[in-house]
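Here's the structure, in structure tokens; my notes come after.
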Amino acid sequence: MSTFRPYVNVTAYNTPKGEPHAVVSLSFANIRVRHFRGSRDAQCCPKHAVLGSIQPLDDPYVPKHGLPTPVDDPWETVLKPELDADTARCSVWKEEVQNLLIFAGLFSAVVTAFIVESYKFLQPDPNDTIIGLLFHIANSLNNTAPFPPSIDPVSIVTPFSRTSRSVRLNILWLLSLILSLTTVLIGTISLQWLRQHQSYPNFSAKEKVAILHMRLQALDEWYVPHIFAGLPLLLQGALALFLIGMIDFSFPLGPKIVISVAIIVGFTLLFLGATTVLSSLQ
Numbered sequence: 310m311s312t313f314r315p316y317v318n319v320t321a322y323n324t325p326k327g328e329p330h331a332v333v334s335l336s337f338a339n340i341r342v343r344h345f346r347g348s349r350d351a352q353c354c355p356k357h358a359v360l361g362s363i364q365p366l367d368d369p370y371v372p373k374h375g376l377p378t379p380v381d382d383p384w385e386t387v388l389k390p391e392l393d394a395d396t397a398r399c400s401v402w403k404e405e406v407q408n409l410l411i412f413a414g415l416f417s418a419v420v421t422a423f424i425v426e427s428y429k430f431l432q433p434d435p436n437d438t439i440i441g442l443l444f445h446i447a448n449s450l451n452n453t454a455p456f457p458p459s460i461d462p463v464s465i466v467t468p469f470s471r472t473s474r475s476v477r478l479n480i481l482w483l484l485s486l487i488l489s490l491t492t493v494l495i496g497t498i499s500l501q502w503l504r505q506h507q508s509y510p511n512f513s514a515k516e517k518v519a520i521l522h523m524r525l526q527a528l529d530e531w532y533v534p535h536i537f538a539g540l541p542l543l544l545q546g547a548l549a550l551f552l553i554g555m556i557d558f559s560f561p562l563g564p565k566i567v568i569s570v571a572i573i574v575g576f577t578l579l580f581l582g583a584t585t586v587l588s589s590l591q
């Protein structure tokens, strides 16, 4: 609520008869009070002064129809800029998380297709057993290489053993899939947090201001901004593991293919690591 600050102008003089007189001008907003006139006591005791005339003062900074009275709730005035800033920040988070969810969903489908193929490297091929049995039957019919009854036809097949490359390949791709699905899970939960954070059902403006400050403080205490910043790192880690696994996957295809794949993967990981580390250091 505004207060009036008076502007005082005092002019003192003596009449030709030697009587003291004083003229006091007071300005309150658009009102001028003028003049106070009294005896000798008026100089030291203004309360004995007699009120003269009241004249309107033309102030260019005051509206002609008087000072406006506030119509809106002052709490709404306080709430609006803070709520706009919070809405803008939440909109950025929502857009980023939604883009990550789309990419993570497509990436998980691609990794799953490769895992289906790489999983076969960890299991014995049933065709090897069938081939061994057929070989045993053919030799028994031809009597060219009879087998003793004590020999199991299945033992003819070479025992299965997992190679280190197949184990390493499946570890990389399974970890990549887990990180991608973890990104989807955290992103979905974080969107629910934002929807709850921005809901203010049937609250007054004053209550909204208090609740908004409480929720903003809770976001910082629970490191929610750091969680949103960590989601892209999880997805980048999943992508890096998948690309490293592609190098192992291409080994049986020949050295030329392995070198080509390794060069592309190396440049990609170098760019990813450099941009992440340098931005953090800056």
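When we follow the working numbering, the leftmost residue of the sequence shown carries the number 310, and every step to the right adds one. Just so you know, even glycine gets a beta-carbon here, dropped at the ideal spot from N, CA and C. Only a predicted model underlies this, so the values are computations on that prediction, with no experimental measurement involved.
State the Cα-Cα distance for the pair residue i and residue j, rounded to the nearest angstrom.
{"i": "threonine 497", "j": "alanine 394", "result": "23 Å"}
{"i": "arginine 282", "j": "serine 588", "result": "Residue numbering for the chain in the displayed model covers 310 to 591; residue 282 lies beyond these limits and cannot be assessed."}
{"i": "leucine 494", "j": "aspartate 529", "result": "21 Å"}
{"i": "tryptophan 502", "j": "isoleucine 536", "result": "12 Å"}
{"i": "proline 510", "j": "glutamate 391", "result": "18 Å"}
{"i": "phenylalanine 518", "j": "aspartate 381", "result": "In the sequence as displayed, the identity of residue 518 is valine instead of phenylalanine. Using only the alpha carbons, I get a separation of about 15 Å."}
{"i": "leucine 521", "j": "valine 387", "result": "12 Å"}
{"i": "tryptophan 402", "j": "phenylalanine 512", "result": "25 Å"}
{"i": "arginine 346", "j": "alanine 514", "result": "Residue confidence is low: arginine 346 scores 48 on pLDDT, short of 50, so the model does not pin down where it sits. No coordinate-derived value is stated."}
{"i": "isoleucine 439", "j": "glutamine 432", "result": "15 Å"}
{"i": "leucine 410", "j": "phenylalanine 560", "result": "32 Å"}
{"i": "isoleucine 566", "j": "tryptophan 531", "result": "47 Å"}
{"i": "alanine 538", "j": "leucine 581", "result": "16 Å"}
{"i": "arginine 627", "j": "alanine 571", "result": "Because residue 627 is not part of the residues shown, which for the chain are 310 to 591, the question remains open."}
{"i": "phenylalanine 576", "j": "methionine 523", "result": "46 Å"}
{"i": "alanine 527", "j": "glutamate 385", "result": "22 Å"}
{"i": "leucine 525", "j": "serine 470", "result": "57 Å"}
{"i": "leucine 450", "j": "leucine 443", "result": "11 Å"}
{"i": "lysine 389", "j": "proline 383", "result": "10 Å"}
{"i": "glutamate 516", "j": "arginine 504", "result": "18 Å"}
{"i": "phenylalanine 400", "j": "glycine 563", "result": "In the sequence as presented, phenylalanine is not what sits at residue 400; that position holds serine. Roughly 49 Å separates the two Cα atoms."}
{"i": "serine 569", "j": "leucine 590", "result": "32 Å"}
{"i": "leucine 415", "j": "glutamate 404", "result": "17 Å"}
{"i": "asparagine 408", "j": "alanine 422", "result": "22 Å"}
{"i": "isoleucine 446", "j": "alanine 547", "result": "49 Å"}
With residue i and residue j assumed to form a contact (beta carbons below 8 Å), what rounded beta-carbon distance in angstroms separates them?
{"i": "phenylalanine 558", "j": "serine 427", "result": "7 Å"}
{"i": "leucine 578", "j": "leucine 552", "result": "7 Å"}
{"i": "methionine 555", "j": "valine 574", "result": "6 Å"}
So, are the CB atoms of residue i and residue j less than 9 Å apart?
{"i": "leucine 488", "j": "isoleucine 424", "result": "no"}
{"i": "threonine 396", "j": "glutamine 507", "result": "yes"}
{"i": "serine 485", "j": "valine 420", "result": "yes"}
{"i": "alanine 413", "j": "leucine 490", "result": "yes"}
{"i": "threonine 273", "j": "leucine 543", "result": "Nothing in the structure corresponds to residue 273, since the chain is present only between 310 and 591."}
{"i": "valine 533", "j": "serine 499", "result": "yes"}
{"i": "phenylalanine 430", "j": "leucine 481", "result": "no"}
Run the proximity test for residue i: is its beta-carbon closer than 8 Å to any non-hydrogen atom belonging to the ligand NAP?
{"i": "isoleucine 439", "result": "Of the ligands one can find in the structure shown there are none, so the ligand NAP has no counterpart to examine."}
- request: Go through the stretch 383-416 residue by residue and report every complete run of the alpha helix (DSSP H) that reaches 4 residues or more, in order.
  value: With a minimum length of 4 residues, no continuous alpha helix (DSSP H) run stays inside the stretch 383-416.
task: Only counting runs of 4 or more residues, tell me where the alpha helix (DSSP H) segments fall wholly within the stretch 519-558, in order along the chain.
output: Counting whole runs of 4 or more residues, the stretch 519-558 contains the alpha helix (DSSP H) stretches 533-558.
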